[in-house]
Amino acid sequence: MLQMRISFLIALATALVASATSPASATPPTSLDVTASAVNFYYNRFIVTADGNVRVRLSDGTVVSGETFTMDLKLNRYLVAGDVHLDGPTVHETGAAFAGYPDLDRSYFLPASGTPSRATYLGIDWAHPVANREQPGDAFYFPDLTGERAYIKADGARIVPKTNVLFDMARVYTAGVYLPAPRYVVTFGPNSHYYENAFAGGRLDVGVPFNGSAHSLTALHVRNDAFNGTYLAFDQHFVWDQDWIVFGVDPLTQEQRQYNLIGYKRWSPKFESRLFLQESAAQAGIINRPTNAAGFAQLQLTGGFRGSSLTYTQDNYYQYLLGLPHGITDLNVSTPEFDTRWKEHPTDASLVFTGGPTPLTHGSTRLLLRPRAGIGWAHDIYGEGGYPNEQPGPPTVSYRYLGGSLYTPAINLTRSLAFTASYDRQRTWYSLPHQLDNGDLRLTLGGVRERQHLRAFVAYEIKTIDDYWGSAQLAAYTPSPDISVTPFGTFSGQAAFRGLATSRGYTSSVIYTPTPSFELNLMLSRFYDTPAPVPGLYGQPPWQFAADLRVRLSRQILLDLGRSYYFNFANERWTPQFVIQFTP
Amino acid sequence: MTIRPLAVLLASIALAALALPSLAQGELVRFTGQLLDVRNGYVYFTTGDAFKLADTPRIADYDTGKPTTLKPRAKLFARALFDPATKQVVELDLTARHLAPDVAYAAVAQPLAATRPTTERAPEIVGVKLTGKEVAVAFLVTVPPTTPLNASVYISTDVSGWNPQAIKLDRIDGNRYRAVRRFASGTKFAYRVTRGSWNSVAVGNDGLQAPALEYVTKEVDAQEARTDVFAWTDDRGNAPQGAQPGAVPTPYNPNPFQPGGIFPAPHASPPGGFPTPRPPSQPNQPPH
């Protein structure tokens, strides 16, 4: 196990080094290495500037030097100006300015020898400039950065167009001061997979991305959550056009640790796979052998069709990767540290068809259907534990289901009022044998008052879950004591429950958005549930009120304040929840 | 009678002399712009135009007109005084302050530039003229009917660093969410629709991971960007009954209305007392 771990770490380190130093020589330039007396990055504008002794090395080895440099990362164009020298194996030129347009595969130059003229380089053919060819009117314009503050100051930058910038000896503007970071990576490309990490939710997450290349990003995170406190975490991304891998260790510095890996691969335009691997380990130190470990693996294969998809999903659980815990000798005896149901590897799998919206009627009031169906099985957590009315339980439960959503698109009643209706129904047949019927009827009336900056809707919803056991219904749902005593009081009315549950609810919402920087969202819900909820046992609060306020305090700070009120259900009134987002 | 034609002739000559700066005694042409460089006797502006410099041009402060310690260099703004008689710039008034574009530059200065005119077209340079005017853009997202009523839906953009909660949309009816933002024409970005986390992102209409959507603000008065969500990545619909304790609703797991309530904790827990391994299901955060 230890050798495997070290081998894995060596392999990961090798991949990191390889990804960070991948050479690139294609045309147009795949990277620009910029050094200067001062390198600045303006996050609001996605602009990198450099001043004083600027030296820009393109990925083909050509060097452009000058007095000042600027690059608009979003427009993907750069400019070197002032005493410009263009040097490479086939070129040695001096000039006033050099502008690179990688998207056009053109470079525009103002030579300073002889009569002023314009030269255009096609691709990286530096030996054959085209004279007096038309150039973009703003090819040599500097961006106006009046009033902007640099988010990062650095000594150098490695820019991978359309992907990221790695800053050397960076000072990052944080809470009013520039904090030093030896390396810092800003990812700006249109590929969101650099940002999809494998961490669980937390109260705080400050990422320090410190290494990156055209296809990789490495970050250290300072995180805080209720279970682990404050700790460090690590994640590594590898990203290609559509495929991606993210590996994370979360936490890195606590004994109870999770190693996560998510991989995505598009095998063909209509077939993809997704793999999630997780090891939960009790492990002191960074690379010490864990004392206990459990694993989870999920594989998902999806085939896409026009307006529908077919997905196979399999989950595998491995509770004792390192053998039985200390002191356990009998697998059939439960202890506080051992649940006998974990002695085998629980597994589940399903094959699911999901259909897209299919119009059933046409005209002004359209009716759409989204069908779905699936089969699946689950082994072995049910069987080992069994049910009170099915002892011993079967090792495997299989099931199949058929369902769908019938709904209308928004029907405009007036210019500002729309009505929608939907009904979702599903029946699931289990091998055990019983069947489960789920139903969800939803009627919604929504309106927009643009002048008053108001949006509002009111919805009425009926949800049902009916568990049918046929002649065994009363065995499955044996009358329970009518009185439940919980820390929140004594509740009655449970004895009548025979497996058929209903929830009716009203939900209304008002949203006030006078400006994009201010939004107030108020939502009130009232539920009538059968069986009635019991605080501390099950069910949802009958009354729920939620308020959410989002205020952008500055360009960098967005305050999101949300609170819910449960009208004293389970002694819950206001639940404080504050979220403050800082954006650079 | 001969006096009148003579007077007309003289007046015409005087008018022509006034109209042509090169003929007007001491009339210098002035224009402003941002400097690229001063090299080999020429001053280069960011328009790409070069103008011949006099042997000893006067370097002055833009605001006071007095001598300055500033030296002509890239990024500085300058007012050039051009002598049409000698076809040279005789004075540069410098400032580090940003000056508004000189609207008369193309008409006044460009004809005087020493740069050779372009003779070859570049067909790859295309584009629509954009003024950068503010355009109200309504994002309208239609979600699957099974999306919970209290679900929050967001737009995540590359310019927000792919913050999965960058632009919050408001539910306006059973199927649709909407938000209005104002962007300058020409604004371009990539975006995805999320439910607040990268664990819940809209997939394409074939159920597969879709590329980010491209958005461009056109030169119009108002614009609408519509997106139909086929499904969410975490919307494994009703599907797999996970092999976890309490995964199948039974009398012994009487939590029929998940999520959204107070539920009893699972009875079985894995060894070590730490949480049951499962895919991340809560919002995660981007690396910065």
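Chains A and B are the protein sequences, given in the same order. Counted from 1, the first sequence has number 278 at position 291 by this note's numbering; the numbering is strictly sequential. Counted from 1, the second sequence has number 271 at position 268 by this note's numbering; the numbering is strictly sequential. Yeah, the Cβ is synthetic: ideal placement off N, Cα and C, and Gly gets one too. This structure is a prediction, so every number in the text was calculated from the model and none was measured.
Q: Assign residue 244 of chain A to one of three DSSP states: helix, strand, or coil.
A: To locate residue 244 of chain A, count along the first sequence from 1; it is residue 257. Correct three-state label for residue 244 of chain A: strand.
Q: Look at the Cβ atom of residue 152 of chain B, then the Cβ atom of residue 446 of chain A, and state whether they are nearer than 8 Å.
A: In the second sequence, residue 152 of chain B corresponds to position 149, counting from 1. In the first sequence, residue 446 of chain A corresponds to position 459, counting from 1. Closer than 8 Å, so yes.
Q. Would DSSP call residue 81 of chain B helix, strand or coil?
A. As a working mapping, residue 81 of chain B is identified with position 78 in the second sequence. Strand, per DSSP.
**Q.** Identity of the residues DSSP links to residue 502 of chain A by a beta bridge
**A.** One-based indexing of the first sequence puts residue 502 of chain A at position 515. Partner(s): A:505.
**Q.** Contact list for residue 47 of chain B against chain A, beta-carbon separation under 7 Å
**A.** What you label residue 47 of chain B is simply residue 44 of the second sequence in a count that begins at 1. Simply 83, 84, 97.
Q. Roughly how many whole angstroms lie between the Cα atoms of residue 211 of chain B and residue 220 of chain A?
A. Residue numbering aside, residue 211 of chain B sits at position 208 when the second sequence is read from its first letter. Residue numbering aside, residue 220 of chain A sits at position 233 when the first sequence is read from its first letter. When rounded, the distance between both Cα atoms is 30 Å.
Q.
What does DSSP give as the partner residue(s) for residue 40 of chain B in the beta ladder?
A. Counting from 1 along the second sequence, the entry for residue 40 of chain B is found at position 37. The beta-bridge partner set that DSSP reports for residue 40 of chain B consists of B:47.
**Q.** Top-ranked residue by Cα proximity to residue 536 of chain A, from B:113, B:173, B:79, B:92
**A.** As a working mapping, residue 536 of chain A is identified with position 549 in the first sequence. Among B:113, B:173, B:79, B:92, the Cα nearest to that of residue 536 of chain A is on B:173.
Q: Would you mind sorting residue 90 of chain A into buried or exposed? The rule is 16 or more other CB atoms within 10 Å of its CB.
A: Within the first sequence, the letter at position 103 stands for residue 90 of chain A. With fewer than 16 Cβ atoms within 10 Å of its Cβ, residue 90 of chain A is classed as exposed.
Q. What is the DSSP secondary structure of residue 124 of chain A, counted as helix, strand or coil?
A. Here residue 124 of chain A is taken as the residue at index 137 of the first sequence, counted from 1. Here residue 124 of chain A sits in coil by DSSP.
Q | residue 218 of chain B (DSSP reduced to helix, strand or coil) | A | Counting from 1 along the second sequence, the entry for residue 218 of chain B is found at position 215. The answer is strand: DSSP assigns residue 218 of chain B an E or B state.
Q) Can residue 429 of chain A and residue 395 of chain A be called in contact, C-beta distance under 8 Å? A) As a first step, residue 429 of chain A is located in the first sequence; it is residue number 442 there, counting from the start. As a first step, residue 395 of chain A is located in the first sequence; it is residue number 408 there, counting from the start. No, these two residues do not count as a Cβ contact at 8 Å.
Q: Can you pull the chain A residues whose beta carbon is under 7 Å from the beta carbon of residue 60 of chain B, in chain order?
A: Here residue 60 of chain B refers to the residue found at position 57 when the second sequence is read from its first residue. What residue 60 of chain B touches in chain A: nothing, since even the nearest Cβ is about 16 Å away.
Q) At a cut of 8 Å, does the stretch 490 to 503 of chain A reach the stretch 515 to 528 of chain A through at least three beta carbon pairs? A) yes
Q: Sort A:431, A:225, A:95, A:192 by Cα distance to residue 198 of chain A and report the nearest one.
A: Stepping through the first sequence from its first residue, residue 198 of chain A is reached at position 211. Residue 198 of chain A has its Cα closest to that of A:225, out of A:431, A:225, A:95, A:192.
Q: Consider the Cβ of residue 35 of chain A: report whether some Cβ of chain B lies at a distance smaller than 8 Å.
A: Position 48 of the first sequence holds residue 35 of chain A. Answer no: the Cβ-Cβ gap between residue 35 of chain A and chain B never drops below 8 Å.
Q) Among residues of its own chain, excluding the 5 on either side of residue 309 of chain A, which ones have a beta-carbon nearer than 8 Å to its beta-carbon? A) Position 322 of the first sequence, counting from 1, holds the residue named residue 309 of chain A. The answer, listed in chain order, is -12, 277, 278, 279, 280.
**Q.** Nearest candidate by alpha-carbon position, reference residue 145 of chain B, set B:229, B:47, B:44, B:96
**A.** By one-based count along the second sequence, residue 145 of chain B stands at place 142. Ranking the options by Cα distance to residue 145 of chain B, first place goes to B:229.
Q: Pick helix, strand or coil for residue 224 of chain A, following the three-state DSSP scheme.
A: Within the first sequence, the letter at position 237 stands for residue 224 of chain A. Looking at residue 224 of chain A - three-state DSSP - the assignment turns out to be strand.
Q.
Short of 9 Å Cβ to Cβ, which residues in the stretch 162 to 180 of chain B face chain A?
A. 162, 163, 164, 165, 166, 167, 168, 169, 170, 171, 173, 174, 175, 176, 177, 178, 179
(Q) Within a Cβ cutoff of 7 Å, which residues of the same chain sit near residue 184 of chain A, ignoring the five residues on either side of it in sequence? (A) Along the first sequence, one-based indexing puts residue 184 of chain A at 197. Excluding residues within five positions, the ones whose Cβ falls inside 7 Å are 222, 233, 235.
Q. Touching or not, the stretch 125 to 141 of chain A and the stretch 24 to 34 of chain A, by the rule of three or more beta carbon pairs under 8 Å?
A. yes
Q.
Tell me the DSSP secondary structure of residue 146 of chain B in three-state form.
A. Numbered from 1 along the second sequence, position 143 holds the residue referred to as residue 146 of chain B. Residue 146 of chain B: coil per DSSP, three-state reduction.
Q. Do you know how far the Cα of residue 398 of chain A is from the Cα of residue 350 of chain A?
A. Residue 350 of chain A sits at position 363 when you count from the first residue of the first sequence. Residue 398 of chain A sits at position 411 when you count from the first residue of the first sequence. The alpha-carbon atoms of residue 350 of chain A and residue 398 of chain A are separated by roughly 11 Å.
Q: Spell out a yes or no on whether the stretch 104 to 111 of chain B and the stretch 61 to 69 of chain B are touching, meaning 3 or more CB-CB pairs, one atom from each, closer than 8 Å.
A: no
Q) What residues are listed by DSSP as bridge partners for residue 231 of chain B? A) For this step, residue 231 of chain B is matched to residue 228 along the second sequence. DSSP lists B:145 as partners of residue 231 of chain B.
Q) Does the beta carbon of residue 123 of chain A sit closer than 8 Å to a beta carbon anywhere in chain B? A) Here residue 123 of chain A corresponds to residue number 136 of the first sequence, with the count starting at 1. With 8 Å as the cut-off, residue 123 of chain A counts as an interface residue toward chain B.
Q | Interfacial residues, the stretch 128 to 158 of chain B to chain A, with Cβ spacing under 8 Å | A | 128, 145, 147, 148, 149, 152, 153
Q: Quick one: which unbroken alpha helix (DSSP H) runs of 4-plus residues sit fully inside the stretch 424 to 468 of chain A? Chain order, please.
A: 460 to 463
Q | residue 70 of chain A versus residue 18 of chain A: straight-line alpha-carbon distance, rounded | A | Along the first sequence, one-based indexing puts residue 70 of chain A at 83. Along the first sequence, one-based indexing puts residue 18 of chain A at 31. Counting only the Cα atoms, residue 18 of chain A lies some 23 Å from residue 70 of chain A.
(Q) Helix, strand or coil, according to DSSP, for residue 562 of chain A in the structure here? (A) Reading the first sequence from its first residue, position 575 is the one you call residue 562 of chain A. Reduced to three states, the DSSP call for residue 562 of chain A is strand.
(Q) In this structure, how does DSSP classify residue 266 of chain B when only helix, strand and coil are distinguished? (A) The residue you call residue 266 of chain B lines up with position 263 of the second sequence. The predicted model places residue 266 of chain B with a pLDDT of 27, which falls under 50 and marks its position as unreliable; any figure quoted below should be read in that light. Looking at residue 266 of chain B - three-state DSSP - the assignment turns out to be coil, as it is neither helix nor strand.
Q) Hey, is residue 125 of chain B's beta-carbon within less than 8 Å of any beta-carbon in chain A? A) Indexing the second sequence from 1 puts residue 125 of chain B at position 122. Answer yes: the Cβ-Cβ gap between residue 125 of chain B and chain A drops below 8 Å somewhere.
Q: Return the chain-ordered ranges of every beta strand (DSSP E) run that is complete within the stretch 54 to 139 of chain A and spans a minimum of 3 residues.
A: 64 to 75, 78 to 88, 93 to 98, 106 to 109
Q: Please compile the residues from chain B whose C-beta is within a distance smaller than 8 Å of the C-beta of residue 382 of chain A.
A: What you label residue 382 of chain A is simply residue 395 of the first sequence in a count that begins at 1. Those within 8 Å of residue 382 of chain A in chain B number zero; the least Cβ separation is about 11 Å.
Q) Looking only at its own chain, which residues have a Cβ that is under 6 Å from the Cβ of residue 335 of chain A, when we skip the five neighbours before and after it? A) Mapped onto the first sequence, residue 335 of chain A falls at position 348. Hits under 6 Å: 302, 365.
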